[in-house]
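Chemist: Count along the sequence shown from 1, then add 954; that gives the number in our numbering. No residue lacks a Cβ here, since even glycine has one placed at the ideal position from N, Cα and C.
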Amino acid sequence: PVPYQNIRKHDSVEILYGKKLVDEGIISEDEMNEVIDSVQKEMRTAHDKIDKNDKMNNPDMEKPESLQLPLQSDTKDFSFDHLKEINDAMLDYPKDFHMLKKLNKVLEKRREPFEKEEGLVDWAQAEQL
955 PVPYQNIRKH
965 DSVEILYGKK
975 LVDEGIISED
985 EMNEVIDSVQ
995 KEMRTAHDKI
1005 DKNDKMNNPD
1015 MEKPESLQLP
1025 LQSDTKDFSF
1035 DHLKEINDAM
1045 LDYPKDFHML
1055 KKLNKVLEKR
1065 REPFEKEEGL
1075 VDWAQAEQL
């Protein structure tokens, strides 16, 4: 898709700022490349030192009080009309908003459960509702 191609063509943040520093005469292009390479090497070294088998189990770290107790479930019932209202609101976009055709097709299918008897709610839509 076009957005992914545009992202791949776009320079990374360090290149953008590095080029700006070069253009302003603050550093040379060689210095920019050295700094970028140095930082990447340092990050790679730090990443390689991480024990991949180490568990995140820090006894000094306390859980927030709100997480001490199990979550309380909400037993509120929703009517068909209320769910339809929520669904319609999620599918209402500003007039100047232009959506990708494929995404629009997927989202428009989410109207079916509320407009056709054979329409089904998929897992993602159920979570949204």
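1. Is it buried or exposed, M986, if we count other Cβ atoms within 10 angstroms and call 16 or more buried?
2. Within 10 Å of its beta-carbon, does P1067 have 16 or more other beta-carbons around it, so buried, or fewer, so exposed?
3. Can you round the beta-carbon distance between V976 and S982 to whole angstroms, since I take them to be within the 8 angstroms contact cut?
4. Determine the direct distance from the alpha carbon of I980 to that of L1037, and round the result to whole angstroms.
5. As a quick exercise: from T999, H1052, L1083, pick the residue whose alpha carbon is nearest that of S1033.
6. Excluding five sequence neighbours on each side, which residues of the same chain lie with their C-beta closer than 7 angstroms to the C-beta of L1074?
7. What residue does the alpha helix (DSSP H) around V1060 start on, and which one ends it?
8. Rounding to the nearest angstrom, what Cα-Cα distance links Q994 and D1046 in this structure?
9. From what residue to what residue does the alpha helix (DSSP H) around E1121 run?
10. When the Cα of K1063 is compared with those of D1050, P1013, E996, N1041, which residue comes out closest?
11. At a cut-off of 7 angstroms, is D984 close to the ligand PLP when judged by its beta-carbon and the heavy atoms of the ligand?
12. Does DSSP put Y1047 in a helix, in a strand, or in coil?
Modeler: The short version:
1. Here residue 986 is taken as the residue at index 32 of the sequence shown, counted from 1. By the 10 Å Cβ count, M986 comes out buried.
2. Reading the sequence shown from its first residue, position 113 is the one you call residue 1067. The residue in question, P1067, is buried, as its Cβ has 16 or more Cβ neighbours within 10 Å.
3. Taking the sequence shown and counting its residues from 1, one reaches residue 976 at position 22. Taking the sequence shown and counting its residues from 1, one reaches residue 982 at position 28. Taking a contact as a CB-CB distance under 8 angstroms, the pair V976 and S982 counts as one, their CB atoms being some 7 angstroms apart.
4. Taking the sequence shown and counting its residues from 1, one reaches residue 1037 at position 83. Taking the sequence shown and counting its residues from 1, one reaches residue 980 at position 26. L1037 and I980: Cα-Cα distance of roughly 59 angstroms.
5. The residue you call residue 1033 lines up with position 79 of the sequence shown. S1033 has its Cα closest to that of L1083, out of T999, H1052, L1083.
6. One-based indexing of the sequence shown puts residue 1074 at position 120. Once the five neighbours on either side are set aside, the close Cβ partners of L1074 are P1067.
7. On the sequence shown, residue 1060 is found 106 positions in, with the first residue counted as 1. 1055-1062 is the span of the alpha helix (DSSP H), which, as asked, contains V1060.
8. Along the sequence shown, read from residue 1 onward, the residue named residue 994 stands at position 40. Along the sequence shown, read from residue 1 onward, the residue named residue 1046 stands at position 92. Distance between the alpha carbons of Q994 and D1046 is about 44 angstroms.
9. Outside the modelled stretch of the chain, which goes from 955 to 1083, sits residue 1121, for which no answer is possible.
10. Counting from one through the sequence shown, the residue named residue 1063 turns up at place 109. Minimum Cα distance to K1063 is reached at N1041.
11. Looking at this structure, you won't find the ligand PLP or any other ligand, since it has none at all.
12. Position 93 of the sequence shown, counting from 1, holds the residue named residue 1047. Here Y1047 sits in coil by DSSP.
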